[in-house]
Amino acid sequence: MTAFGLFAVLGGPMCVAPALAQSGPVAQAAPAAFALVSGVVTSTSGTPLSGVTITFNGPQNATATTDGNGRFSVNLATGVYSAVATKGGYQTGTTDEIAVTAGTPLNVTIRLQPSSFESLQQIGRVSSRASTAARTSFNVTPASQDVITAQVFQDNASTQLRDELNQTPGIISALPPAVNPASPGAITFPNIRGALSFETAALIDGHPLAVSDFGDFVTTFLNPAVFSGVEVIKGPGAAAPEIQRAIGGTVNFRTLSPTARPAGDITFGVDSFGGSYSTLRYTNTLLNGKLGIALVYAVDGTPGPPGTTSYQVFSLPDAFSVYHDSHGNLVTPAKPPPPSQQPNPPTQNNKNNNAVVPVLAFGALAPDTFTTHNELVKLRYNLSSATSITASYLGEQGWSDQNGNNGDYVPTNFSPGAAYSGSYPTGPTVVYKNPFGYGDEWELDNEPIFQGEFRTSFHNDSILARYYHAGIVRDQNNGGRFATQMSPVWNVKLYGTQTNGAPLNGLDPFGQPYRAQETSGWAFQSNEEDKIYGYSFEYDHPVGPKGDLITFAADTNHTDGHSYNPFGSEATATVPKGSTQDVTTYLLRGQVGFGERLNATLAYYLTDFRAHFGFGNFPIATAKTPSPTPTLAFGDQNFYHSDARIGLAYRASRDLSLRFAIGSAVAPPYLAVLSTPNKPALICGVPGQAISPTCPSGVGPGTAAVASTTGANVLPEVSFGFDVGGDMRLRNDPSTVLTLDLYRENLFNQFVKTTFANGTIAVPALGSAPAGTYPLYVNQFGNLSRARYEGIELGINRAPPVGFGYVAQGAVLRGYALGVPPGGYPGKPGIVNDVNFTDQSVSNQAIPYAQGYGEISYRTASNALVLFGATYYGPNNDWDLPAVWFFSGSLRFPIHDKYTTFQMSVDNLFNRDSDLFPTNFAGIQIPFQGGQYYATTLKNYGPRQFKFQISHSFGR
-7 MTAFGLFAVL GGPMCVAPAL AQSGPVAQAA PAAFALVSGV VTSTSGTPLS GVTITFNGPQ
53 NATATTDGNG RFSVNLATGV YSAVATKGGY QTGTTDEIAV TAGTPLNVTI RLQPSSFESL
113 QQIGRVSSRA STAARTSFNV TPASQDVITA QVFQDNASTQ LRDELNQTPG IISALPPAVN
173 PASPGAITFP NIRGALSFET AALIDGHPLA VSDFGDFVTT FLNPAVFSGV EVIKGPGAAA
233 PEIQRAIGGT VNFRTLSPTA RPAGDITFGV DSFGGSYSTL RYTNTLLNGK LGIALVYAVD
293 GTPGPPGTTS YQVFSLPDAF SVYHDSHGNL VTPAKPPPPS QQPNPPTQNN KNNNAVVPVL
353 AFGALAPDTF TTHNELVKLR YNLSSATSIT ASYLGEQGWS DQNGNNGDYV PTNFSPGAAY
413 SGSYPTGPTV VYKNPFGYGD EWELDNEPIF QGEFRTSFHN DSILARYYHA GIVRDQNNGG
473 RFATQMSPVW NVKLYGTQTN GAPLNGLDPF GQPYRAQETS GWAFQSNEED KIYGYSFEYD
533 HPVGPKGDLI TFAADTNHTD GHSYNPFGSE ATATVPKGST QDVTTYLLRG QVGFGERLNA
593 TLAYYLTDFR AHFGFGNFPI ATAKTPSPTP TLAFGDQNFY HSDARIGLAY RASRDLSLRF
653 AIGSAVAPPY LAVLSTPNKP ALICGVPGQA ISPTCPSGVG PGTAAVASTT GANVLPEVSF
713 GFDVGGDMRL RNDPSTVLTL DLYRENLFNQ FVKTTFANGT IAVPALGSAP AGTYPLYVNQ
773 FGNLSRARYE GIELGINRAP PVGFGYVAQG AVLRGYALGV PPGGYPGKPG IVNDVNFTDQ
833 SVSNQAIPYA QGYGEISYRT ASNALVLFGA TYYGPNNDWD LPAVWFFSGS LRFPIHDKYT
893 TFQMSVDNLF NRDSDLFPTN FAGIQIPFQG GQYYATTLKN YGPRQFKFQI SHSFGR
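Residue numbers for the sequence shown follow this note's numbering, beginning at -7 and rising by one.
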């Protein structure tokens, strides 16, 4: 949703050029102290626009109106002017860089952006350079903004979004701790300025997405080819259409749009792991300017860094399998020592229960196969220059192997019995920890998005209306189809000794592999369904001659959430069927100019939240019913929230713009928080009892009772913060821009799941634990009193269309809890005062203390490119590595003409931290309360990857 939009494109950065010949309506010759300013106004598709009112403000005030061919002319006195162009159905455009010299005619071409919900960027207030890389822009808006264009992704041959987001100061493509970053199927979601995934608003074409189940938007399966760019509004920017979940800011993925003339590209590439990818993009306008189209089809398929779809590894034996030799004789592998006898550092909070093992296996599958298909169909029918209807479909279908994505290495000491004489060496080693038995497991992802937009005008006012529907259907399964299903029989090699001391030397006594099978309960399936539909309306009314604008907008949407195991009941679902969220946002915004230098944006948001959520009620277990059947109940949470945002932009000079923004935001509890089940107090840690809850940290098995309560009383998160910064353009080199922002966001009521002591309770016997009165601990979602996000972002960027360019940008980030009570929060020892959030504190996401990106490049007019980049991940990064740099590069050259190129790109150029899988207990140590620490999993970056591609573009 753009408030301003004007592009003056002839004459370079100044937006004006001396006329070679006068054109348009005949005008009187200008007096000596005056000059003739004439030109044409078109839409961004190139259609001339009649009836556009252009107001010039400066040494004199003057107004011109375009004729039927979009042309205008006016005599202006010598001086520097700002110009405001208005027409109903288009974004009001402003520019303040028109220099009039006596006796020198100027010919100006102005392009107005049609009004649309698709973009958040205040285009008329951002002076973008004409560059192929489009990494640099001169931001003159009140908000801190970044735009990652499609060209940036193409220069890196990227088929996913992660790396380019990580290169942008203030935005992180976060990785939860359970994934393998080396796997292309690793789950990623955007975080802005340290705010967690459910505190970052993610949009596509300006509309909300289906994120009610868990609050985060997974970007793993999205291909950059379907987008024209990624827009980021950081902090309390008032250009955002709504502020729910926008604690840190808003990221908008903008899809490709139709062009006035035929344009597009075809790309085919291969990667060094044995994968291939291809992209077809086509845009045009047909039927004499009536029908605009944008079509994209993008496919990416790769086996991942193992380079094979059937990669097998040495692993810990599957504890759920029953083993036989090839003649059907039962084999019983020896068990590792109990946890109490495993050697572990005394202050390490998480213990390695496999520090010593007597048996290893070979045969577990651990591939990283990954495939995605992305499609975009966008049709725009122009009823007139000011009225159009746009309909689009964005589709994504993904398939990812989860064994390689979720498996880890575990350090262990292989210590079999004396009879062992196999080939696998005894002593310290690192082997795979089997997450899914010996078989495979997959994730299927389908995310269709439909939207329709109507644009029209009333006099000089613009009117927008939209319908959108977005869905997520995510299925993770191992091929099992009913709860008691037995697994297939897998052939494995076993190394070590049996419980009776007999050796396991790889193959069985008959020279064949051993047979492993899970006899019951092998089948696994976890489904997530999240669907949203909604309506948007916006009315923009220009006021006065200087581009002031008043906007009223409303958006209402309904989401159906469902996250469940189809083998269980709805009462045991993470988000039971029938759980919904309804959100309505009303926006009133004014954009006002004070003189020639100061512009203000004032926005008021009123948000209505209504949640209807299911949760399980579990009855007390007894001797007669040791596994009682829970019942399903529903609750409601309704509230209103008012938020205000104010932004100021001061144009100190032509090449210096200062900005200030302040305001609030709100994040409602997502359904998985509200739907936490009620579970009665049961004795914890009882061996052999599936319903026995896990004991809190420091509590011995069988010594306490643990209960859980629903999250119905969790309060919404609210924040208040500010941003102050500016952009400076080098006067003698307008392709170079320096930018700086300082920000702080104070957060209240952050969601956190804690375990707290709550007296004692009498409970029945459970297994070997007798009935009696036990200390009671309660698991419950609650709210932190206070947290804070703050930091500094800075950068210098030079990216001319041709020649030498560079990027040096980064951020120092803080995201931490305040006012943590002595001893910390029960059950959350990782929440420590003034220490950045880790994946063991309030969420599963770590906030690095710093990030950065550097790049040098050289471009030629024939579309050749040499690029070398380095991305910096500071301490407390998602990889649980010490501060580290990873390097990348690209080489592109024409093979026929500038439209047909060959490109080679490389990621992790120096092959740093290149293991295939993460390693448990090998990452950085996270400080915990009480002098303990948590030994993290070292999440490797993955092996060096090359990509080779041929591209042909046309219409550019």
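Every residue, glycine too, gets a C-beta built ideally from N, C-alpha and C.
Beta-carbon proximity of residue i to residue j, cut-off 8 Å
i, j, result
"GLY968", "THR702", "The structure shown does not extend to residue 968, since the chain spans only -7 to 948, so no value can be given for it."
"PRO297", "LEU908", "yes"
"SER528", "ARG581", "no"
"GLN937", "SER264", "yes"
"GLY488", "PRO350", "yes"
"PHE48", "THR57", "no"
"SER943", "ARG447", "no"
"VAL799", "LEU674", "no"
"GLU782", "ASN741", "no"
"VAL224", "VAL243", "yes"
"VAL323", "THR511", "no"
Sequence-distant residues of its chain with Cβ nearer than 6 Å to residue i (five each side left out)
i, result
"TYR303", "ALA358 and PRO359"
"ALA663", "Here the sequence assigns Leu to residue 663, which means Ala is not the residue at that position. If we look at LEU663 and ignore the five residues flanking it on each side, its Cβ neighbours are SER204, ASP205, GLY553, VAL567, SER571 and PHE605."
"TRP877", "ALA862 and TYR864"
"ASN771", "SER700 and THR747"
"PRO935", "PRO297 and SER906"
"THR212", "ILE179 and THR180"
"HIS461", "PHE442 and TYR525"
"PHE209", "PHE181, ALA194, LEU201 and VAL203"
"PRO51", "ALA69 and GLY71"
Buried versus exposed, by CB contacts within 10 Å (16 or more), residue i
i, result
"GLY(-3)", "Here GLY(-3) scores only 37 on pLDDT, less than 50, and its place in the model is too uncertain to base an answer on."
"ASP899", "buried"
"GLN825", "Checking the displayed sequence, the identity of residue 825 turns out to be Asn instead of Gln. Counting Cβ neighbours within 10 Å, ASN825 comes out exposed, since fewer than 16 surround it."
"GLY536", "exposed"
"ASN172", "buried"
"GLY560", "exposed"
"ASP725", "exposed"
"GLY31", "buried"
"VAL66", "buried"
"ASP628", "exposed"
"ARG253", "exposed"
Simplified DSSP assignment, three categories, for residue i
i, result
"SER189", "helix"
"PHE145", "helix"
"ASN738", "strand"
"GLY922", "helix"
"ARG117", "Caution is warranted here: a pLDDT of 41 is assigned to ARG117, below 50, making its placement in the model unreliable, and the coordinate value is therefore given only provisionally. Looking at ARG117 - three-state DSSP - the assignment turns out to be helix."
"LEU666", "helix"
"PRO216", "helix"
"GLY585", "strand"
"ASP155", "helix"
"ASN705", "coil"
"GLN83", "coil"
"GLY396", "helix"
"VAL678", "coil"
"GLN917", "strand"
"LEU167", "coil"
"TYR845", "strand"
Cβ-based neighbour list, residue i, same chain, cut-off 7 Å, excluding 5 preceding and 5 following
i, result
"ASN336", "LYS343, ASN344 and ALA347"
"SER42", "THR58, ASP59, GLY60 and GLY62"
"GLY866", "PRO840, TYR841, ALA842, GLN843 and ALA875"
"ARG646", "GLU89"
Residues of its chain near residue i, where Cβ-Cβ distance is below 8 Å and the 5 sequence neighbours each way are ignored
i, result
"PRO693", "CYS676, GLY677, VAL678, PRO679 and CYS687"
"LYS425", "SER307, LEU308, ASN346, GLY399, ASP400, TYR401, VAL402 and ASN912"
"ASN802", "The displayed chain sequence assigns Gly, not Asn, to residue 802. If we look at GLY802 and ignore the five residues flanking it on each side, its Cβ neighbours are PRO161, GLU785, LEU786, GLY787, ALA842, GLN843, GLY844, TYR845 and TYR864."
Exercise. Within the region 295 to 380, note down every full beta strand (DSSP E) run reaching 3 residues or more, in order along the chain.
Key: 304 to 307, 314 to 316, 351 to 357 and 362 to 374
Self-check item: Runs of alpha helix (DSSP H) lying entirely within the region 222 to 305, each at least 4 residues, in chain order
Solution: Runs of the alpha helix (DSSP H) inside the region 222 to 305: none found.
Practice problem: Any chance you could list the beta strand (DSSP E) runs of at least 3 consecutive residues sitting entirely within the region 35 to 68, in chain order? | Solution: 45 to 49 and 54 to 57
Quiz item: Mind pulling the beta strand (DSSP E) runs of 3 or more residues that sit fully within the region 509 to 565?
Solution: 517 to 535 and 540 to 556
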